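Asker: In this note's numbering, the protein residues as written are 88 to 266.
Glycine included, each C-beta is placed from N, C-alpha and C at the ideal position.
Quick caveat, the model's predicted, so the values are computed rather than measured.
I have a structure I would like to understand better, so I am pasting it below and will then ask my questions one at a time.
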Ligand code: IMP
Ligand code: MG
């Protein structure tokens, strides 16, 4: 049913698992001996964050934030609002922010300085996906899974109008679904 709404599959569950294993191994090496605090961004990055956690072999703390984003449309709006904050304090910790996809970059361009103001020991960004051709605000991604072209994709946490998040793969949504 949901799969029929996809024009094509871009990343299979196996692709995702392999990439996340690699990212987790890299992060485990880079943060060895340090206190790691993983902060996932709801709701899009929830699946990615939980899978990434299981690929990280060093001790860590976990929390989530939620920020306002697209609503039900497919293009980015103006302001970024903190809808749900962390429960734990970031001060003095090595924060690794986990996002599903960096698109225009406007969300991160506003969120990163806001979080830096909380004086973490370090703040790095981990994104499963990036659409560099869509960038409006420059964003430095410390750990990036894949760069993807300018196509609207869903699945593995990514939604269109709150649907398709539970697809175990990532695919391009058929145009007729959102036009
Ligand atoms: P940005 O501020 O434009 O970088 O917006 C990033 C956010 O837009 C991501 O966290 C996603 O929630 C959403 N987004 C961007 N591109 C896509 C897409 O192709 N499919 C689903 N959500 C997307
Ligand atoms: Mg998002």
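#1: Taking the DSSP output, what are the residues bridged to residue 217?
#2: Taking only three categories from DSSP, how would you classify residue 169?
#3: Any heavy atom of the ligand IMP closer than 7 Å to the CB of residue 98?
#4: Determine the direct distance from the alpha carbon of residue 172 to that of residue 119, and round the result to whole angstroms.
#5: Below 8 Å on the Cβ atoms is my guess for residue 221 versus residue 237; work out the distance and round it to an integer in Å.
#6: Over what stretch of residues does the alpha helix (DSSP H) that includes residue 142 continue unbroken?
#7: Give the secondary structure of residue 197 by DSSP, where H, G and I count as helix, E and B as strand, and everything else as coil.
#8: Kindly indicate the opening and closing residues of the beta strand (DSSP E) around residue 150.
#9: Can you check DSSP and say which residues form a bridge with residue 247?
#10: Would you kindly check if the distance between the Cβ of residue 110 and the Cβ of residue 213 is under 8 Å?
#11: Leaving out five residues on either side along the sequence, give the residues of the same chain with a beta carbon under 6 Å from the beta carbon of residue 107.
#12: Distance, Cα to Cα, residue 94 vs residue 263?
#13: Residue 151 and residue 127 look like a contact to me (Cβ under 8 Å); what is the Cβ gap, rounded to whole Å?
#14: Closer than 8 Å by C-beta to residue 218: which residues in its own chain qualify, once you throw out the five before and the five after it? Chain order, please.
#15: For residue 216, collect the residues of the same chain with a Cβ closer than 7 Å to its Cβ; drop the 5 residues on either side in sequence, then sort them by chain order.
#16: Going by alpha carbons, who is nearest to residue 256 out of 248, 224, 240?
Answerer: In this structure, then:
#1: 189, 234
#2: strand
#3: no
#4: 27 Å
#5: 6 Å
#6: 133–142
#7: helix
#8: 147–154
#9: 250
#10: yes
#11: 138, 139, 142
#12: 10 Å
#13: 5 Å
#14: 188, 189, 190, 234, 235, 236, 237
#15: 187, 188, 232, 233, 235
#16: 240
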